[in-house]
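Chains as they are written, first to last, in the UniProt record's numbering: chain U, 1 to 670; chain P, 1 to 670.
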């Protein structure tokens, strides 16, 4: 395909292509196919539609762009660079996929300004996009006034076949259709190729029809390689449909321009190779050497700088106007936008004394959520169809539904994975919203990939997980977590808190809210069964991860360590042991990570090295507990799957009784 | 709704309903709504269509039934009891959800004969059903002859709104449509209610249209409460469509018959309560007391016994006929059906010497799979669109596709969770098939719920997970496992093996194949990078979990413990340390679970208690390693997320070098 002179647009599109080709080639690693094939649609989107300020990647009212097909990140890096973001220089592009570079192998929001969310694992980005659109809709409904609008932006996603095969994307898109998220526009790079070859091999569903079934507005651009106007028309039409999210299926050729490798799986995930890079240059008539961008193209791209500055200035004016008319709302808006929690919010946290009645911690969780809801308007969330089991309804705040986006209760349906990914999107909208989501603890397994991404991408999401042990009873082993907590504690940067009573619940939320405002996720595990309010527990103790609940004089003979629903067993057992003259300390350990983050002096004061006789009690797997038990410690744990039986029976049969704690303690004491 | 005299069918249907109502009421726990609403469709299915022998729940050619909406298990228990299965007596029903009963809170195949798979976590059952149907199609294509047919049965699934919201079900159903699984028939209990209330709250997609988009044959029965003939007609029509799976949307009222609670979320997951049980009896004109089944109904149901015996006798005759005509194939069939591995199969496992070249263990995995494929025809599997990265193609055995079901390479597409659940179905078809499935290790997170169910339900699935550490390099932290292995080791009953070289790869497969034939799942982690063949490694060592790779004389000063790709670092470091006069033992520890299952004498011989200076080296999280390291051990690990960079650079920067092992060892030695 010889090209005599390229139009300006072709020049721009090929600039994107060749930055990607050259970067991948230099790294000898990466995915050139998607950038080459999706360059036209991405160019039209960024050039004609997207509103952003390259010099202020955090401008509040920017459109959000997500590359769900994250492996194609050179597409995004090229666009960030070309349009003038300082976060991606030409050198950064040359350092693609190298140690310390700003252009890692998949887009990382915590690494590269201009990247909104971390993608790579397929299906996550589009689900994040649903969350970003939900955030926009909520903030718009909350803040905008008929005569003063400050929240108004679109969420654009580019996704591919892989994302469309993933279940998480179906969950999120079904919910998006139900919610009528009219400002979510997804461009589906329909190139008919995945790693295993033609999609004919395993993926022959009618994607457009499926999205129509979800309630989306669906269009098809037949020639996504050269018909730029058709792409533009489709995006316009998508924007005009305001009560449905839009899918634009854009048929392209993967690796477009490569004479020998285009339209094959080979070009998906490997460098073209020197020869093919050369052949592609010839094929597309690209005379520019490695990494060189034609001046005209760069100039055109860089118009985004001025355009963006103007857009932001306009918006600043709109904000000033809003401030003048609605000073209170404006102050609240600015508080949100700067991630500042309201002064004294923590005073709303409920406190308890041992005289208060026993309550399940899923109940004290509910009480805490509802105490916080009025003082923390940024708190928004819901359950995966277990609202009345997780106890996560914010009473009086209504359901977030189509046309009722100011409401705060999110009804996710039975879609745990989608829920987690959506919440990542809400958090990473970076407008102060603090999303929480809930299900049964054991179903963390369904959403683990999203939880991991919360931790990796520094998304301040709060996971409210109830029914946290065999104590949940009759639902049986498919529902009873055993190894779940251990598996979650293993995730770096995730706080895992298992409160023992009401005060610890409040303390957990205190930590979680603070952490969320600092972009760190927290997962809390709550009981189904009632638990007594413990003497010595306290809100502020939770932040230390573990603390002395009760002590005897002098050096303890033995330390009992409890978490969550088993802590009170330690308390009661200690009483019995002390009555027999044993010197017993009781430690409550709601959070490993926070304890490990304390200084050595504190940790030593709680678990002195010299005291080696330690008995932990947790109705869960012993996996990892040796960390605090050492060679001479012991544990009452459950290291097998549970059994369907009433919760009290299960606890008793598996040894979670005061008598058993006393017995095991005496064994240890020898 | 007074009912004067009930037809025989109404009597039968209400028998189902009231066993469920009474069992749930007695347990004061459980889910009466679905059994009450879905009783008609289940009755029609079991009474007029399903082919099974109550006295032989394991009859090979039985139709498979899966209650994907597993919470409604009293529906299934009632039917098992009424039709004459010995595994569910009336006493068992009275012990619903009690400790030690055969009627646990969700169906468990390992607990109750007649239950094919374990459900409860939504979406799993329908995906298992896809696997069961794939198994039938494969075995039919493999064994049936034009003049002698021995494999011929249907897979029926009842699923609800919850299953339909779950992403895993979408993944599996999309694949089922692609594969044209004509003998899969799903009845969708369309009752418009989920735990959070009306499905209007979050689930308003057009399910029928979505399934049409998947390529399914879709029908709608408008009155699933009383129009039994319409249900029957639909099942007949579904059976007549032989090249597509079928979905029959059956509109029902949840909790049908309960005058005050039907059609509400209340009846979904709680006992009706004494008063409402009474009111329901009145409403439906049911005069029989608790747990009493009218004689006529029982007699009708029990016709299934004779019917089943005849069906099995017919089939025995067909098998005898087949045997006479095709003795070799018959022998193979019987070998499959009895889960017997072929004599001497393990001789095909490749062996290596240290002179053989270095190979990635994903490569030696490929070599092993391909060495085994000819001698283990029961081995069938594939990858979630990473065939040429996971190296899981069985060369020459073709792709399992519509009309080509005898082939053995399964092309799952980018559907990890669906893949795992489907493989559970294939394994639990219990016909000797050994399914394997593959993706990148980090994406075990996407399918963790299915992996857990493999372990819980004793499904002999083999998980082939490659790219198992930061050594995978440039794809970066979203793809680099860190905590994944620890999180999987925590799952009870799952073998997690991380081979160090080619011999250990063969050893891992030896364990995995044997374990699969004994209904235990194995997950193996393989490297992307080349690894040397180690002196001292061996196939049979893997079965011990950990073994001495090399030793010095007398008691070691220090033990180096390596797994997978880091073992050779220990070997090389030991050489250096020994050259300096240190007495160093090198232990390779490919599998924690197997090591823990050895007797104490063996474990002591490998890791003597007295030798407390131990250094483990694994390019993964240290979570849980204290188990083998004790108070005085140390580890070279990575406890944070990785970084996008070439694999060798990443390993080096994070300390996985021989020099660093030597340095840390010396620190330990003091």
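Built from N, CA and C at the ideal position, the CB exists for glycine as well.
By the neighbour-count criterion, in which 16 or more other beta carbons inside 10 Å mark a residue as buried, residue 22(P) falls on the buried side. By the neighbour-count definition (other C-beta atoms within 10 Å, threshold 16), residue 599(U) is an exposed residue.
If you look at residue 134(P), you'll find it in the alpha helix (DSSP H) that goes 124–143. In this chain, residue 386(U) is not harboured by any alpha helix (DSSP H), its DSSP state being neither H nor E. C-alpha of residue 447(P) to C-alpha of residue 417(P): approximately 4 Å in a straight line. A buried status is given to residue 384(U), since no fewer than 16 other beta-carbon atoms sit within 10 Å of its beta-carbon. One alpha carbon belongs to residue 137(P), the other to residue 162(P), and they sit about 27 Å apart. For the pair residue 293(U) and residue 495(U), the CB atoms are not nearer than the 8 Å cut-off. For residue 246(U), the enclosing beta strand (DSSP E) has its first and last residue at 246–251.
Around residue 641(P), the beta-carbon contacts reaching into chain U at under 7 Å are 456 and 492. For the pair residue 43(P) and residue 378(P), the Cα-to-Cα distance works out to about 35 Å.
With contacts defined as CB atoms closer than 8 Å, residue 508(U) and residue 542(U) qualify as a contacting pair.
Only 412, 413, 414, 415, 416, 417 and 418 from the region 412–426 of chain P bring a Cβ to less than 9 Å from some Cβ of chain U. For the region 165–183 of chain U, the residues whose beta carbon sits under 8 Å from a beta carbon of chain P are, in order, 165, 166, 167, 168, 169, 170, 171, 174, 175, 177 and 178.
Membership of residue 436(P) in the beta strand (DSSP E) is indicated by the continuous run 434–440.
Put simply, the CB of residue 479(P) is near chain U, with a gap under 8 Å to one of its CB atoms. With a threshold of 8 Å between beta carbons, residue 631(U) makes contact with chain P. Taking a C-beta distance under 8 Å as the contact criterion, residue 452(P) and residue 491(P) qualify as a contact pair.
Think of a sphere of 9 Å around the beta carbon of residue 251(P): no beta carbon from chain U falls inside it, the nearest being about 17 Å out. Under DSSP, residue 260(P) takes part in no beta bridge, so it has no partner.
At least one C-beta of chain P is nearer than 8 Å to the C-beta of residue 98(U). Of all alpha-carbon atoms in 656(P), 661(P) and 289(P), the one lying nearest the alpha-carbon of residue 615(P) is that of 661(P).
The beta carbon of residue 498(P) does not come within 8 Å of any beta carbon belonging to chain U, so the residue lies off that interface. Pairwise C-beta distances place the region 620–634 of chain P out of contact with the region 452–464 of chain P, as fewer than three of them are shorter than 8 Å. The residue from 603(P), 532(P) and 557(P) with its alpha-carbon nearest to that of residue 546(P) is 603(P).
Given a length threshold of 4 residues, each whole run of the alpha helix (DSSP H) inside the region 554–594 of chain U is given here in chain order: 567–579. The region 332–345 of chain U and the region 498–507 of chain U do not touch, with fewer than three beta-carbon pairs separated by less than 8 Å. Fewer than three pairs of CB atoms, one per stretch, sit closer than 8 Å, so the region 228–243 of chain U makes no contact with the region 258–265 of chain U. Among the residues of chain P, those whose CB is under 8 Å from the CB of residue 653(U) are 99, following chain order. Residue pairing for residue 65(P): DSSP places it in a beta bridge opposite 156(P). Chain-order list of chain P residues neighbouring residue 557(U): empty, with the shortest C-beta distance near 19 Å, by a criterion of under 7 Å. Annotated three-state conformation of residue 394(U) is coil, per DSSP. Assigned with DSSP and collapsed to three states, residue 380(U) falls in strand.
A direct Cα-to-Cα measurement between residue 641(U) and residue 493(P) gives close to 9 Å. For residue 356(P), the CB contacts under 8 Å within the same chain, skipping 5 residues up- and downstream, are 502 and 533 in chain order. Below the 9 Å Cβ cutoff, chain U contributes 204, 205 and 206 as neighbours of residue 215(P), in chain order.
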